[in-house]
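Colleague:
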Amino acid sequence: MSEKGAGSPEIDVRYTADLARLSLTDEEVARFQHQFGDILKLVDTLTTLDVEGVEPTAHPAPVLDIIREDEVQAGLQRDQILENAPDNALNQIRVPKVVDA
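Here the numbering used here = 1-based position in the sequence shown + 677.
Okay, here's the thing in structure tokens:
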């Protein structure tokens with residue numbers, strides 16, 4: 678295990694866990710420390726790639742949104758809705774209380 682100093686994998690694991698509001702046991706820190714180190718090594722290998730001429734992108738493939746036009750459509754009338762409600766009063770649907778007093 679490396680010395681516990683600034684930038685050490687164990688400190689990074691505990692710091693990251695704190696940011697995510699996770700409480701880790703010492704055994705979990707030890708396990709994730711190794712995995713965290715492997716991830717950082719992988720990121721280091723990515724920095725050696727030649728990306729000259731490659732356009733930055735947020736997605737590897739184009740993202741297309743198909744959005745329909747907003748059109749006014751006929752809706753249900755209040756009487757139709759209340760007719761199908763299990764309980765109603767004062768032109769409103771009554772539901773069981775869900776908040777504790």
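Cβ atoms here follow ideal geometry from the backbone N, Cα and C, with glycine treated the same way.
Return the chain-ordered list of same chain residues with a C-beta closer than 8 Å to the C-beta of Thr693, the five sequence neighbours on each side being excluded.
Modeller: Phe713
Colleague: For Ile758, which option in Ser700, Val728 and Gln769 has the closest C-alpha, if you only look at C-alpha atoms?
Modeller: Gln769
Colleague: Measure the alpha-carbon distance for Leu719 versus Thr725 and round it to whole angstroms.
Modeller: 10 Å
Colleague: So the alpha helix (DSSP H) Val720 belongs to, where does it begin and stop?
Modeller: Residue range Asp703 to Leu723 is occupied by the alpha helix (DSSP H) that includes Val720.
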